[in-house]
Structure formats: structure tokens, C-alpha cells
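Enquirer: Counting the sequence shown from 1 gives a position; our numbering is that position plus 10.
All C-beta atoms in this analysis are idealised placements derived from N, C-alpha and C, irrespective of residue type, glycine included.
All figures in this text were calculated on a predicted structure; none of them were measured in a lab.
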Amino acid sequence: AEVPAFVHITPANIHDTKAMSVIPYERGAHYIFDRGYNDFGNLYTIDRIGAFFVVRAKTNVRIKPKTWKRRLPEGVISDVIGCFTVYKSSKDYPDELRKLIVEDPESGTRYIFLTNNLDASAELISRLYRNRWSVELFFKWIKQHLKIKRFWGTSENAVRIQIYCAIITYCLVAIVQHDMKLERSIYETLQILGISLTDKTHLRDLFDKSNFKNIKELNDSSESNLFNF
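And the structure:
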């Protein structure tokens, strides 16, 4: 399972781009952003650090091409390297970057990507962006299985504590699943741990398939689950 390397909680009225300046970027890493993160000043900071970004661009983004690829793989509409034509954008990001237009073969939807990785294949750039959905799935999983849809308190501190507790719980369960090489999903692992926290059984014995054969058995168990808030 994938686990977050960095978490930053903001009030609902703070725009997503405000969080870009507090991310501890690492040289050589790729950072994937949706259209809400078209902040070219922050993207240029990522470039100066020596990291890479892939961001889904807005449809009105304008690039003056300097070089472009003539032979394009299937599904790639355009692949050019150039500079921004709009003054503010070019001031925030004065160097060259790459604009890639790809088409989803199933839906026909076209995606416009901007990246400072000038050498990676178009297929890799598209695949990197698709990995962004793992973030969406991560939060969906937390909302579904850690009951974060309702909060114990209404103060900012109470909400932050509950969110952090949910994320820490997910990470700990993912670590247990990884280190023990379990053939169970994180949800199953969470359910087993949730009804066994007061049990003195060794973890390896606890996860023996003969103890809990399927998830339905866990749901039907009369034991209280400590993760069901």
C-alpha cells in the first residue's frame, strides 16, 4: 500500500496553491498536480530545486514552441517544448517547459500537461499523472473505513487531531501489512486489528487465515471494533 510522505492540513477557505510553498520537495522526485495547482511561481521553485512536476494545465495555457516532436506515439496529439507567451506566466516561470496533449482512447477526453521533465516519454508523463488518483483513493479509503465523515469536536484542534489520528492509523496498518507480507487488503488488516487490540495473540498468529477466513466474518463478529469511531 502507498503511504503519504507529507501531510498539510488547511482551513477550507485556503486555496490549494497556498500549500505548495510548504511542501518539502526532494531533488529528483516527481510531483503530480491537478489543475488547481497552476501556480507557475511555485512550479518554478520545484524546477530550481532539481525536482520534477507534472501538472494538468488549463485549456487557455499558451506556449511558444521552440522544439517539437514530429513522430508522436498513438494517443499523443502534441508534444512541444517552449516558453509561456503571457507576460505574468513568463515572469513567474521564465525557463523552458514542456506542453503535452494526450487523448484518452476510451473516453476521448484530451488532457493538457505541463512538465519540466523534457526527456521522459509521453507515456511516462501520462502514467505519472494517472498515479495522482492514488491520492484521491487514499482519502476516499480513510473516509470510508476510518469513519472520518463525522467529527468528535468542532474546534480546529479537535478536527486536526482526528484527521491526524486517521492518517497515522492508516500508515501503521499499511506498515504492518507490508512488513508482514500479508495477503490481505488494508481494510481486512484494519478490521482484524480493530477487534484484537486487547488480545495478546502474536501478530503472525492473529493474521493466520484460519482465524478470520473472510471479511464477512469480521463484520458479523460480536467483538467491538476500536477503529469504528
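(1) Given a cut-off of 9 Å on the beta-carbon distance, is the pair Leu124 and Val64 in contact?
(2) Give me, in chain order, the residues of the same chain whose beta-carbon lies closer than 7 Å to that of Leu192; leave out the 5 immediate sequence neighbours on both sides.
(3) Does any heavy atom of the ligand GDP sit closer than 8 Å to the C-beta of Tyr97?
(4) Pull the bridge partners of Asp89 from the DSSP assignment, please.
(5) Classify Phe239 as helix, strand or coil using the three-state DSSP reduction.
(6) State the beta-bridge partners of Pro75 as determined by DSSP.
(7) Let me check understanding here. Comparing Cα to Cα, which of Asn70, Ser31, His25 and Glu113 lies closest to Val96?
(8) From the beta carbon of Val17, is the nearest beta carbon of chain B less than 9 Å away?
(9) Alpha carbon to alpha carbon, how far is Val13 from Arg160? Give it in angstroms, no decimals.
(10) Count the other C-beta atoms from every protein chain shown that fall within 10 angstroms of the C-beta of Gln187, then say buried if there are 16 or more, exposed otherwise.
(11) What ranges does the alpha helix (DSSP H) occupy inside the segment 95 to 154, keeping only unbroken runs of at least 4 residues that lie completely in it?
(12) State yes or no: is the C-beta of Asn126 within less than 9 Å of the C-beta of Arg137?
Expert: With the structure as the only source:
(1) As a first step, residue 124 is located in the sequence shown; it is residue number 114 there, counting from the start. As a first step, residue 64 is located in the sequence shown; it is residue number 54 there, counting from the start. With a cutoff of 9 Å on beta-carbon distance, Leu124 and Val64 are scored as near each other.
(2) One-based indexing of the sequence shown puts residue 192 at position 182. Same-chain partners within the cutoff: Thr199 and Phe217.
(3) Within the structure as shown, the ligand GDP is missing, as the structure has no ligands at all.
(4) The residue given as residue 89 occupies position 79 in the sequence shown. Partner(s): Leu110.
(5) Your numbering for residue 239 matches position 229 in the sequence shown. For Phe239, the predicted model reports a pLDDT of 41, less than 50, meaning its position is unreliable; a value from the coordinates is still stated below. Shown here, Phe239 sits in coil according to DSSP, grouped into three states, outside any helix or strand.
(6) Indexing the sequence shown from 1 puts residue 75 at position 65. Gly92, per the DSSP bridge assignment.
(7) For this step, residue 96 is matched to residue 86 along the sequence shown. If we check each option's Cα against that of Val96, Asn70 comes out closest.
(8) Of the protein chains in this structure there is only one, and it is not chain B.
(9) Against the sequence shown, residue 160 aligns to sequence position 150. Against the sequence shown, residue 13 aligns to sequence position 3. Here the alpha carbons of Val13 and Arg160 stand approximately 23 Å from one another.
(10) Residue mapping note: residue 187 aligns to position 177 of the sequence shown, counting from 1. Taking every protein chain shown into account, the CB of Gln187 has 16 or more other CB atoms within 10 angstroms, so this residue is buried.
(11) Secondary structure remark: continuous alpha helix (DSSP H) runs of at least 4 residues inside the segment 95 to 154, in chain order: 97 to 102 and 132 to 140.
(12) Here residue 126 refers to the residue found at position 116 of the sequence shown. Here residue 137 refers to the residue found at position 127 of the sequence shown. Result no, Cβ atoms of Asn126 and Arg137 do not sit closer than 9 Å.
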